[in-house]
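S.K.: Protein chains in written order, with the working numbering: chain H, 1 to 232; chain S, 1001 to 1232.
The following block contains the structure, expressed as structure tokens.
Protein chains: 2
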Amino acid sequence: MTILEIRPVMGIGEINPGDDLAGLIVDAISADGWTLEDKDVIVVTHKVVSKQEGRIAEVPDEATYRALIEDEAVRIVRRRGDLVIAQTRHGFICANAAVDRSNVAEGLALLLPVDPDRSAHRLRRLIERATGVSIAVIITDTFGRPWRRGLVDVAIGVSGIPSIVDLRGTTDAHGNELNVTEVAVVDEIAAAADLVMGKATQIPVAVVRGLDLEGAGRATDLVRPADEDLFR
Amino acid sequence: MTILEIRPVMGIGEINPGDDLAGLIVDAISADGWTLEDKDVIVVTHKVVSKQEGRIAEVPDEATYRALIEDEAVRIVRRRGDLVIAQTRHGFICANAAVDRSNVAEGLALLLPVDPDRSAHRLRRLIERATGVSIAVIITDTFGRPWRRGLVDVAIGVSGIPSIVDLRGTTDAHGNELNVTEVAVVDEIAAAADLVMGKATQIPVAVVRGLDLEGAGRATDLVRPADEDLFR
């Protein structure tokens, strides 16, 4: 039996623009008395990546914040009162076009990385260079969902792992062909990692150990094409 | 550091109506050489619960299958060609009103349990009686999402664990109050457990160990009220 393990990475402090995030992650794991292994999946909340990349905007007042949301959005999907559901440049559809005033000092807001798949790739290469092991990186954000209450973490940047595992063409135990069984594994991993992170705690990184997924994908693979989407 | 563990429960065979599912789970874990512990979360795909409860319908042809979907739906949310997104009696919104022709013999379809929260409660009580430990149970199904490709497992039945952890009123590391931070923890646990289950494999049960969540909720807590929902 393979047991999947999800380990929080403790002791990563406040991140500032230009910090060596890869080095801080590797050092924090080392200080905690363990080491990364081949096939580990490093899950990182975008908040620390955005800070490291300087994706921070000043929002001195509500009007500036509102204008920033409109600026980050390429399309408004729904609007009700102060609630804006919008599509980002990356294609993600989420509240406030992912402009986030939590987890930063008052008067500031975090934006998503410009290219989160590229951020994941860069972080992966730096961690691999520092450790000599072969890993994957998933960058996450916290999204709401239509129809279901509560937020869940999802993947917005991916490197070194497939985003979707396509089981079409395989059969179940009854010999039925599984027609539409594309599993969004990186979203499931993002959700799993959030269980050890917590929103109010300062644990922005977790390591998922025990998966063995061949292939490589991007988070943008998860964006449903407009012509397949019934809820635009 | 608390490591979260996700263990597949191997060796549970085909389930038939009236089977002692709780006993089969406990025996399979025992045969695999480990035992349940206090606070373990037992995650069970609804497919085995539905089979155990006899929630199986005959669908000899496509027309019968289509009629069954309409019958299980209380409201059609979207329809395009053969794709029907519908609300079930429980309030869940998903493809085909959760009528599922995979994982059963040809000519049959699985329906959701009549009351999955109650099914979870019953299974929990039976497992607790058999083992003497205090556990939680989550029953899952596999849902698509608007905007994002790929399926993820979500909770449709819950017992012994809060469905949503409400962090409103707590503050982040910067002293900002977290206004809208209700985390759908049981959906995150369902997604995490799916990582060791796999759709094409016969592993319908997993155990999540290392969580310590106080309280109790129901899966129906996750149903977003109509007046809060922008995507009905």
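Glycine included, C-beta positions come from ideal geometry on N, C-alpha and C.
Using a Cβ cut-off of 8 Å (strictly closer), state whether I3(H) contacts chain S.
M.R.: Answer yes: the Cβ-Cβ gap between I3(H) and chain S drops below 8 Å somewhere.
S.K.: Assign H1174(S) to buried or exposed, taking buried as 16 or more other Cβ atoms, counted over all protein chains shown, within 10 Å of its Cβ.
M.R.: exposed
S.K.: Quick one: does I1164(S) have its CB under 8 Å from some CB of chain H?
M.R.: yes
S.K.: Under the assumption that A1216(S) contacts P1162(S) (Cβ atoms under 8 Å), give the Cβ distance between them as a whole number of angstroms.
M.R.: 6 Å
S.K.: My parser needs the beta strand (DSSP E) runs of 3 or more residues fully inside the segment 110–185 of chain H; what are they?
M.R.: 136–143, 152–159
S.K.: Measuring only between beta-carbons, confirm whether R125(H) sits less than 8 Å from chain S.
M.R.: no
S.K.: Give me the Cβ distance between L1108(S) and A1098(S), rounded to the nearest whole Å; I'm assuming they're in contact under 8 Å.
M.R.: Not confirmed; about 15 Å, so no contact.
S.K.: Return the residues of the segment 182–205 of chain H that lie within a Cβ-Cβ distance of less than 9 Å from chain S, sorted by chain order.
M.R.: Those residues of the segment 182–205 of chain H that come within reach of chain S (Cβ to Cβ, closer than 9 Å) are E182, V183, A184, V185, V186, D187, E188, I189, A190, A191, A192, A193, D194, L195, V196, G198, K199, A200, T201, Q202.
S.K.: Go ahead and pull the three-state DSSP assignment for R218(H).
M.R.: coil
S.K.: Hey, does A1137(S) have any beta-carbon neighbour from chain H nearer than 8 Å?
M.R.: Rather than Ala, the amino acid found at residue 1137(S) in this sequence is Val. So no, V1137(S) is outside the interface.
S.K.: Contact check, D194(H) vs D153(H) under 8 Å by CB: the rounded distance?
M.R.: 4 Å
S.K.: Could you tell me which of H46(H), R148(H), G160(H) sits nearest to S134(H), measuring between CA atoms?
M.R.: G160(H)
S.K.: In chain S, which residues lie with their C-beta within 9 Å of the C-beta of P242(H)?
M.R.: As shown, chain H starts at 1 and ends at 232. That puts residue 242(H) outside it, with no answer to give.
S.K.: Assuming L946(S) and A1155(S) make a contact with CB atoms under 8 Å, what is their CB distance in whole Å?
M.R.: Past the boundaries of the shown model lies residue 946(S); chain S is included only from 1001 to 1232, so the question cannot be answered.
S.K.: Any C-beta of chain S sitting closer than 8 Å to the C-beta of I76(H)?
M.R.: Not an interface residue.
S.K.: Mind checking which residues open and close the alpha helix (DSSP H) that includes V49(H)?
M.R.: 46–52
S.K.: Does V1152(S) come within less than 8 Å of chain H when only Cβ atoms are used?
M.R.: Taking 8 Å as the CB threshold, V1152(S) lines the interface with chain H.
S.K.: Please report how far the alpha carbon of V48(H) lies from the alpha carbon of H1046(S), in whole angstroms.
M.R.: 37 Å
S.K.: For V1084(S), list the residues DSSP reports as bridge partners.
M.R.: R1079(S)
S.K.: Return the residue from the list N103(H), E128(H), H90(H), M197(H) that minimises the CA-CA distance to S117(H).
M.R.: According to the sequence as given, residue 117(H) is Asp; it is not Ser. The option with the nearest alpha carbon to D117(H) is H90(H).
S.K.: What residues from chain S crowd round R80(H), counting only those whose CB sits closer than 9 Å?
M.R.: Chain-order list of chain S residues neighbouring R80(H): L1230, by C-beta distance under 9 Å.
S.K.: Measure how close the beta-carbons of Q3(H) and G210(H) come, nearest whole angstrom, since I'm counting them as under 8 Å.
M.R.: Note that residue 3(H) is Ile in the sequence shown here, rather than Gln. So it is a contact: roughly 6 Å between Cβ atoms.
S.K.: If you follow the alpha helix (DSSP H) that I29(H) is part of, which residue opens it and which one closes it?
M.R.: 21–31
S.K.: Report, in whole angstroms, the separation of the C-beta atoms of I164(H) and A184(H), which I expect to be a contact under 8 Å.
M.R.: 6 Å
S.K.: Need the endpoints of the alpha helix (DSSP H) that I93(H) sits in, please.
M.R.: Run containing I93(H): none in the alpha helix (DSSP H); it sits in the beta strand (DSSP E), 93–95.
S.K.: With a threshold of 8 Å between beta-carbons, can L36(H) be considered close to chain S, or not?
M.R.: no
S.K.: Between L111(H) and chain S, is there a C-beta pair that is closer than 8 Å?
M.R.: no
S.K.: Does the beta-carbon distance from A191(H) to D1187(S) come in below 8 Å?
M.R.: yes
S.K.: For R101(H), which three-state DSSP category applies?
M.R.: The three-state reading of DSSP puts R101(H) in coil, since its state is none of H, G, I, E or B.
S.K.: Using 10 angstroms around the beta-carbon of L1083(S), count the other beta-carbons present and answer buried if the total reaches 16, otherwise exposed.
M.R.: exposed
S.K.: Which of the three DSSP states, helix, strand or coil, is assigned to V208(H)?
M.R.: strand
S.K.: Are the beta-carbon atoms of V1207(S) and L1036(S) separated by less than 8 Å?
M.R.: yes
S.K.: Does DSSP classify L1036(S) as helix, strand or coil?
M.R.: coil
S.K.: Go ahead and pull the three-state DSSP assignment for V1223(S).
M.R.: strand
S.K.: Closer than 6 Å by C-beta to V137(H): which residues in its own chain qualify, once you throw out the five before and the five after it? Chain order, please.
M.R.: Answer for V137(H): I42, A120, L123, R124, S159, listed in chain order.
S.K.: Under DSSP, the alpha helix (DSSP H) around R1007(S) begins and ends at which residues?
M.R.: It is not in any alpha helix (DSSP H) - R1007(S) instead sits in the beta strand (DSSP E) that spans 1004–1008.
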